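Data block below; observations after.
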Amino acid sequence: MKVLGIVGSPRREKGFSHRIVREVLSGAQAAGAETEVMYLVDEKPEYCIHCGHACFDTGVCAQEDAATARSGQIGAADALVVCAPVYCWQVNGLTAALFDKARMPTGSWNRGAQHGRSALGIAVAGGTGTGVFPALQSIYAWLCLWKFRPLDPVPVTRFNLAAVLERAASYGRTLAESRPRPFEGTWEQALTYDALPYMAYGRVDEFRWLAEQIATGLESRDGDREQVKATVHLLEQGRAYAAAGDRSGEARSIIQAYRSGAEAW
Ligand SMILES: Cc1cc2nc3c(=O)[nH]c(=O)nc-3n(C[C@H](O)[C@H](O)[C@H](O)COP(=O)(O)O)c2cc1C
Numbered sequence: 490m491k492v493l494g495i496v497g498s499p500r501r502e503k504g505f506s507h508r509i510v511r512e513v514l515s516g517a518q519a520a521g522a523e524t525e526v527m528y529l530v531d532e533k534p535e536y537c538i539h540c541g542h543a544c545f546d547t548g549v550c551a552q553e554d555a556a557t558a559r560s561g562q563i564g565a566a567d568a569l570v571v572c573a574p575v576y577c578w579q580v581n582g583l584t585a586a587l588f589d590k591a592r593m594p595t596g597s598w599n600r601g602a603q604h605g606r607s608a609l610g611i612a613v614a615g616g617t618g619t620g621v622f623p624a625l626q627s628i629y630a631w632l633c634l635w636k637f638r639p640l641d642p643v644p645v646t647r648f649n650l651a652a653v654l655e656r657a658a659s660y661g662r663t664l665a666e667s668r669p670r671p672f673e674g675t676w677e678q679a680l681t682y683d684a685l686p687y688m689a690y691g692r693v694d695e696f697r698w699l700a701e702q703i704a705t706g707l708e709s710r711d712g713d714r715e716q717v718k719a720t721v722h723l724l725e726q727g728r729a730y731a732a733a734g735d736r737s738g739e740a741r742s743i744i745q746a747y748r749s750g751a752e753a754w
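This is the structure we're talking about:
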């Protein structure tokens, strides 16, 4: 069993992506797996120029031999963890460049055979935490396209980083102990990905999730502070508006809760 970790951060070892992937892979090693890491900053994937050379059929990039080699490396792994930073409310360009050019030997959704090898996607956001879900949705769109069997997506922000680092080794164990479970067909693949957490999240859902993470963290260490109480109150107000079907009231309260909580953090 070989677990491959893909680190999409250009900051290499200095980034949180590296720290998280390292923990995931150490859990996989402890469960007996062989592991390897692909740092995209070393790979410097070129962007796809749409040259029309039938790469989806052949698996070969006519422009960049290294792209073909990368696809082979990803295709040879028994399980995968992909960790990408969030830039400008989406997956960063370095990771997107890999995604655009990867052509695994088992083919994309409408070609080749099902394989169902396990994969975990992680998106790492920074100061605001915003954009973590579009990035995660992009990673999972790519995993779905290539027919990986998904583990639940992991959103990371400064508000939940410590908790994710604590759990990371267990994700690695799960990957190491997984066996391929090919989908019965595209219908099962589509249903499986649609049923994953966060895949249908929009902007307001993201602010609600962030406000909840912040409120949980603040309450556990500083529950008596006025601003913490105000944050929790705004969050509850947002939920009440949502229950009453008032989307504008919900959005206003949730974003106020987020702002108040982030300031208090
Ligand atoms: C160009 C750029 C855009 C960014 N955009 C966002 C963003 O939209 N939301 C956010 O929360 N953090 C954003 N960040 C912060 C990074 O997501 C954050 O620093 C993250 O930790 C980077 O991953 P790394 O530590 O693995 O390098 C941005 C950083 C850069 C350089």
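Counting in our numbering, the sequence shown tops out at residue 754, every number present. Just so you know, even glycine gets a beta-carbon here, dropped at the ideal spot from N, CA and C. The model shown is predicted, which means the values in this text are computed figures rather than measured ones.
Since residue i contacts residue j with CB under 8 angstroms, what's their CB separation in whole angstroms?
i: residue 624; j: residue 573; result: 6 angstroms
i: residue 494; j: residue 526; result: 5 angstroms
i: residue 755; j: residue 556; result: The chain is shown from 490 up to 754; residue 755 falls before or after that span and cannot be answered.
i: residue 559; j: residue 606; result: So it is not a contact: roughly 16 angstroms between Cβ atoms.
i: residue 618; j: residue 699; result: 5 angstroms
Spatial neighbours of residue i within its chain, please: C-beta separation below 6 angstroms, excluding the five flanking residues on both sides.
i: residue 690; result: 622
i: residue 575; result: 612, 614, 620, 621, 624
i: residue 657; result: 509, 512, 513
i: residue 564; result: 593, 594
i: residue 518; result: 524
Hey, would you say the C-beta of residue i is under 7 angstroms away from at least one heavy atom of ligand 1?
i: residue 633; result: no
i: residue 505; result: yes
i: residue 616; result: yes
i: residue 578; result: yes
i: residue 584; result: no
i: residue 494; result: no
i: residue 644; result: no
i: residue 757; result: The structure shown does not extend to residue 757, since the chain spans only 490 to 754, so no value can be given for it.
i: residue 620; result: yes
i: residue 697; result: no
i: residue 627; result: no
i: residue 500; result: yes
i: residue 613; result: yes
Opposite residue i in the DSSP bridges: which residues?
i: residue 608; result: 569, 639
i: residue 576; result: 579
i: residue 490; result: Beta-bridge pairing links residue 490 to no other residue.
i: residue 527; result: 495
i: residue 613; result: 574, 645
For residue i, which residues in the same chain have their Cβ closer than 7 angstroms to its Cβ, ignoring the five residues on either side in sequence?
i: residue 650; result: 505
i: residue 642; result: 610, 625, 629, 685, 686, 687
i: residue 730; result: 738, 739, 742
i: residue 627; result: 579, 580
i: residue 545; result: 592, 597, 600
i: residue 696; result: 743, 744, 747
i: residue 631; result: 588
i: residue 726; result: 742
By Cβ distance below 8 angstroms, which residues in the same chain neighbour residue i in space, the five residues on each side in sequence not counted?
i: residue 501; result: 507, 528, 530, 531
i: residue 660; result: 513, 516, 570, 609, 640, 643
i: residue 683; result: 689
i: residue 616; result: 647
i: residue 634; result: 597, 598
i: residue 704; result: 717, 720, 721, 724, 746, 750
i: residue 679; result: 633
i: residue 523; result: 490, 491, 492
i: residue 538; result: 552
i: residue 549; result: 542, 557, 592
The region 712 to 730 contacting the region 670 to 678, beta-carbon criterion three pairs below 8 angstroms: no
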